[in-house]
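Peer 1:
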Amino acid sequence: MPRFYLLILSMLLAGPSLRAQQPQPRPGVPNIGADAAFSCALAHERAALRQPTTTVRHRQKMDRYDVKYYKLDLALENNSRNVSGNVRMLARTVQPLDSVAFELYPTYTIDSVVVNGRRSPGVRRAGPDVTAALPLGVAANTLFSTLIYYRGTAPSGQSAAIGNALSTNTAPTYGVNVTWSLSEPFSAHEWWPCKQVLTDKADSVDVWVTTSSSNKVGSNGVLQRVTALPGSKSRYEWKHRAKPIAYYLVSVAVAPYIEYVNYANPTGGPQIPIVNYVYNQAALNTFRTEIDRTPGFIENFSSLIGLYPFASEKYGHSMAPIGGGMEHQTMTTQDGFTFTLTAHELFHQWFGDNVTCNSWEDIWLNESFASYGEYLSLNAFAATAPRTAQDWMEEAQYYARYRYAGGGQWTPMLGGSVRVPDTTNVGRIFDYYLTYKKGATVVHMLRYLLNDDVKFFRALRTYQATYSGRTARTIDLQRVFETEAGRPLQYFFDQWFAGQGYPTFNVRWNQVGQNFYLRNTETVSMGTATPFFDTELDYRLVFTDNTTQTLRLRQNQLVSSYSIPVTKTVLRLEVDPNQWILKGDGTTVRDNSLVLSSRAAAALTRLTVYPNPCRETLLIADLTTRAVAEVTDATGRVLLRQNVSPLTAQLDTRRLAAGLYHLRLTASDGAVSLARFVRE
Numbered sequence: 001m002p003r004f005y006l007l008i009l010s011m012l013l014a015g016p017s018l019r020a021q022q023p024q025p026r027p028g029v030p031n032i033g034a035d036a037a038f039s040c041a042l043a044h045e046r047a048a049l050r051q052p053t054t055t056v057r058h059r060q061k062m063d064r065y066d067v068k069y070y071k072l073d074l075a076l077e078n079n080s081r082n083v084s085g086n087v088r089m090l091a092r093t094v095q096p097l098d099s100v101a102f103e104l105y106p107t108y109t110i111d112s113v114v115v116n117g118r119r120s121p122g123v124r125r126a127g128p129d130v131t132a133a134l135p136l137g138v139a140a141n142t143l144f145s146t147l148i149y150y151r152g153t154a155p156s157g158q159s160a161a162i163g164n165a166l167s168t169n170t171a172p173t174y175g176v177n178v179t180w181s182l183s184e185p186f187s188a189h190e191w192w193p194c195k196q197v198l199t200d201k202a203d204s205v206d207v208w209v210t211t212s213s214s215n216k217v218g219s220n221g222v223l224q225r226v227t228a229l230p231g232s233k234s235r236y237e238w239k240h241r242a243k244p245i246a247y248y249l250v251s252v253a254v255a256p257y258i259e260y261v262n263y264a265n266p267t268g269g270p271q272i273p274i275v276n277y278v279y280n281q282a283a284l285n286t287f288r289t290e291i292d293r294t295p296g297f298i299e300n301f302s303s304l305i306g307l308y309p310f311a312s313e314k315y316g317h318s319m320a321p322i323g324g325g326m327e328h329q330t331m332t333t334q335d336g337f338t339f340t341l342t343a344h345e346l347f348h349q350w351f352g353d354n355v356t357c358n359s360w361e362d363i364w365l366n367e368s369f370a371s372y373g374e375y376l377s378l379n380a381f382a383a384t385a386p387r388t389a390q391d392w393m394e395e396a397q398y399y400a401r402y403r404y405a406g407g408g409q410w411t412p413m414l415g416g417s418v419r420v421p422d423t424t425n426v427g428r429i430f431d432y433y434l435t436y437k438k439g440a441t442v443v444h445m446l447r448y449l450l451n452d453d454v455k456f457f458r459a460l461r462t463y464q465a466t467y468s469g470r471t472a473r474t475i476d477l478q479r480v481f482e483t484e485a486g487r488p489l490q491y492f493f494d495q496w497f498a499g500q501g502y503p504t505f506n507v508r509w510n511q512v513g514q515n516f517y518l519r520n521t522e523t524v525s526m527g528t529a530t531p532f533f534d535t536e537l538d539y540r541l542v543f544t545d546n547t548t549q550t551l552r553l554r555q556n557q558l559v560s561s562y563s564i565p566v567t568k569t570v571l572r573l574e575v576d577p578n579q580w581i582l583k584g585d586g587t588t589v590r591d592n593s594l595v596l597s598s599r600a601a602a603a604l605t606r607l608t609v610y611p612n613p614c615r616e617t618l619l620i621a622d623l624t625t626r627a628v629a630e631v632t633d634a635t636g637r638v639l640l641r642q643n644v645s646p647l648t649a650q651l652d653t654r655r656l657a658a659g660l661y662h663l664r665l666t667a668s669d670g671a672v673s674l675a676r677f678v679r680e
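Numbered according to UniProt numbering, the sequence shown spans residues 1 to 680.
1) Could you tell me the alpha carbon to alpha carbon distance between residue 642 and residue 665, rounded to whole angstroms?
2) Please classify residue 234: is it buried, with 16 or more other beta-carbons within 10 angstroms of its beta-carbon, or exposed?
3) Tell me whether residue 381 sits in a helix, a strand or coil according to DSSP, three-state version.
4) Let me check understanding here. Comparing Cα to Cα, which of 367, 343, 342 lies closest to residue 351?
5) Could you tell me if residue 403 is buried or exposed, where buried requires 16 or more neighbouring beta carbons within 10 angstroms of its beta carbon?
6) What's the C-alpha gap between residue 681 and residue 677?
7) Taking one C-beta from the segment 649 to 658 and one from the segment 610 to 622 each time, how about it: are there three or more such pairs within less than 8 Å?
8) Which parts of the segment 395 to 441 are runs of the beta strand (DSSP E), unbroken and 3 residues or longer, counting only runs that do not cross its ends?
9) Please state whether DSSP places residue 679 in a helix, a strand or coil.
10) Using a Cβ distance threshold of 8 Å, determine whether the segment 237 to 256 contacts the segment 190 to 200, with at least three qualifying pairs required.
11) With residue 166 and residue 190 assumed to form a contact (beta carbons below 8 Å), what rounded beta-carbon distance in angstroms separates them?
12) Where residue 592 and residue 574 are concerned, what is the direct C-alpha to C-alpha distance, given to the nearest angstrom?
13) By the three-class DSSP mapping on this structure, what secondary structure does residue 271 have?
14) Spatial neighbours of residue 440 within its chain, please: CB distance less than 6 Å, with the 5 preceding and 5 following residues excluded, ordered by chain position.
15) Going straight from the alpha carbon of residue 98 to that of residue 174, what length do you get?
16) Alpha carbon to alpha carbon, how far is residue 157 from residue 82?
17) Using only CA atoms, which one of 362, 383, 492 lies nearest to residue 430?
18) Could you have a look at residue 246 and say whether DSSP puts it in helix, strand or coil?
19) Is residue 252 helix, strand or coil by DSSP?
20) For a test of the three-state rule: what should DSSP assign to residue 630, helix, strand or coil?
21) Measuring straight from C-alpha to C-alpha, what distance separates residue 519 and residue 383?
22) Below 7 Å between beta carbons: does that hold for residue 279 and residue 331?
23) Tell me which residues share the same chain as residue 463 and place their Cβ nearer than 8 Å to its Cβ, disregarding the 5 neighbours each side in the sequence.
24) Let me make sure I understand the geometry here. Which of 256, 264, 302, 271 has the alpha-carbon closest to that of residue 283?
25) What is the rounded straight-line gap between the Cα of residue 91 and the Cα of residue 59?
26) Please report how far the alpha carbon of residue 119 lies from the alpha carbon of residue 136, in whole angstroms.
27) Looking at the strands, I want to know which residues DSSP matches up with residue 544.
28) Quick one: residues in its chain with C-beta nearer than 6 Å to the C-beta of residue 455, no 5 flanking neighbours on either side, listed in chain order?
29) Can you give me the Cβ contacts of residue 170 inside the same chain, cut-off strictly under 6 Å, excluding the 5 residues immediately before and after it?
30) Tell me, please, whether the segment 62 to 70 touches the segment 105 to 121 by the rule of three or more beta-carbon pairs shorter than 8 Å.
31) Restricting to Cα atoms, I'd like to know which of 502, 645, 335 is closest to residue 415.
32) Let me know if residue 495 comes out buried or exposed under the rule of 16 or more other beta-carbons within 10 Å of its beta-carbon.
33) If we count the other Cβ atoms within 10 Å of its Cβ and call it buried at 16 or more, is residue 54 buried or exposed?
34) Restricting to Cα atoms, I'd like to know which of 660, 270, 587, 552 is closest to residue 509.
35) Roughly how many angstroms separate the alpha carbons of residue 409 and residue 398, rounded to a whole number?
36) From which residue to which residue does the alpha helix (DSSP H) around residue 522 run?
Right under this line is the structure:
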């Protein structure tokens, strides 16, 4: 889903919210478009977004069957919202049926409904809810076919997330008329009859579109053929079988396109064609360099989280003046090809298309992860990227704490959850600041929590493989990450997914001889919703000789204190130096009066280990209790974690490369001991 429209949409439909830890507010205006009048006009249009109108009773009727297949056979042109044709639905009954229920916008004329070859004796309509009586009943667990003939004009009411369900317009600069679809979240019924239930993906879909022969039609899957018809018409016949598809990802784009194809070659997979339907040669000349980034993006994502899910078919783009992009399965609709837009929509093919959120409450599983795909691409292609990944993340953290209020002003956003509490409100579902930006920072913090990129990307691959072609809830993702973490993570998701706001850390420190004292006082922005954030934090000690030591300590209460043995003089302390944690603008100051007693601090004592340097085994001297041993490198990354006891007071270090390491031993009573050792 695009960011251009959604930022504007969020500014108007959702209340103030928040921003991430930055020493200074980011100046200026977010890059949401050059024309302020356009933004204002669009904002007024967004104020009257429609809600889903299907009744609970009608949803229950639709739940009596499971969709297996759709075939759309429609007549469309590139300069009109007129629609005519038929849609065939093949489904399997869950319970006996005497009628079939579906959704279609009420202004369309239904000429007939044919079920299993027999015309329905009666069709009842109540708003978008349609119920067709069956000429013969259908038993449970039985396949049946419904063929719906209809015609009309798609409505123009700005009901979709970023426009009409079916729009027609002229592309600026290039002067090309385009008709395109955008059905998310619940507007597919505005251009074709269907069942709009996220959990009921169709196993396959065919999309046939008859149009003027001067046009091309982009859609899902593989183009089987273009059939010439009388009257200077052609029928584009698309077939999608690679994976099941959600109703809102079925798409069309009609225009006199030119075609440009390039290819991705992911490791261990087939060559993947990338079919680009571009306005004209001028547009291709403008965007070719950016389009040509797509193969590398596919190859990178495939290496990180598993092969592109639709590798047996294609990926592609259909251009349309959409004001962003929409991740239609196998063929995204985009208005241009900026680096992050292309990366975002492509990553959706994994997060949103292959695995779709089970409920709009969990839309972050689509959008937050697609946003994180932007960050991953900026990091992977840093040499040619338009900005750094770190700058992108710091901006995301800013947008997670502040909303743009117009006139160059930002309003603090103290609350708001990544979880969507009102799944009927389009503006809240696609809240730019919460669903996209704060959600992306939560993904980043999940990565920090695991403290191991091997585990993080393995978790993403497991999630993709487990729920491929299906839907998932946040609890499903949570369980995957708990497996990798080896511990419950309910607290994390309670804080960052269901909770609101963010913490601010005010840190005082002091050094007396070889004792370094640290006290971190946490405050929260929305205490009534989330009174405390339990999190680990990195503390970088910078010594006077310009060497550093990074400690990773857990903030498990509002005021956490530590006494740490050091052998050098500390020049300064840096809190969360790599900006992993979403947090407010706290303070870090030296307080010469800060001296902690052993009771006031979580004492960190020196630990004796030998042999040092070691080769295969490191022994721990005088261990008197069970403890958890963690070995970290200079950056604080955990490389080895194991349980130890007086009977097993040793570590197997064969997995470690030669170098200097830090050992942290945490006993059951919270006592912490530290040591350094060298692996030869």
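Glycine included, C-beta positions come from ideal geometry on N, C-alpha and C.
In this text the structure is predicted, and so the values were computed from the model without any measurement.
Peer 2: Reading it off the structure:
1) 10 Å
2) Burial check for residue 234: the Cβ neighbour count within 10 Å reaches 16 or more, so the residue is buried.
3) coil
4) 367
5) It is buried - the Cβ of residue 403 has at least 16 other Cβ atoms within 10 Å.
6) In this structure the chain extends from 1 to 680, so residue 681 is not present and cannot be described.
7) yes
8) 402 to 406, 409 to 412
9) strand
10) yes
11) 6 Å
12) 17 Å
13) It is coil, neither helix nor strand.
14) 368, 371, 372, 396
15) C-alpha separation (whole angstroms): 52 Å.
16) Cα to Cα, the separation comes out at about 15 Å.
17) 362
18) coil
19) In the three-state DSSP reduction, residue 252 falls in the coil class, being neither helix nor strand.
20) strand
21) 40 Å
22) no
23) 355, 472, 476, 477, 480
24) Measuring from the Cα of residue 283, the nearest candidate turns out to be 256.
25) 15 Å
26) Approximately 10 Å, taken between the alpha carbons.
27) Residue 544 is not bridged to any residue.
28) 484
29) 177
30) Judged by Cβ distances under 8 Å, the segment 62 to 70 makes no contact with the segment 105 to 121, as fewer than three pairs qualify.
31) 502
32) buried
33) buried
34) Comparing alpha-carbon positions, the option among 660, 270, 587, 552 lying closest to residue 509 turns out to be 587.
35) 13 Å
36) No alpha helix (DSSP H) holds residue 522; the beta strand (DSSP E) holding it covers 515 to 524.
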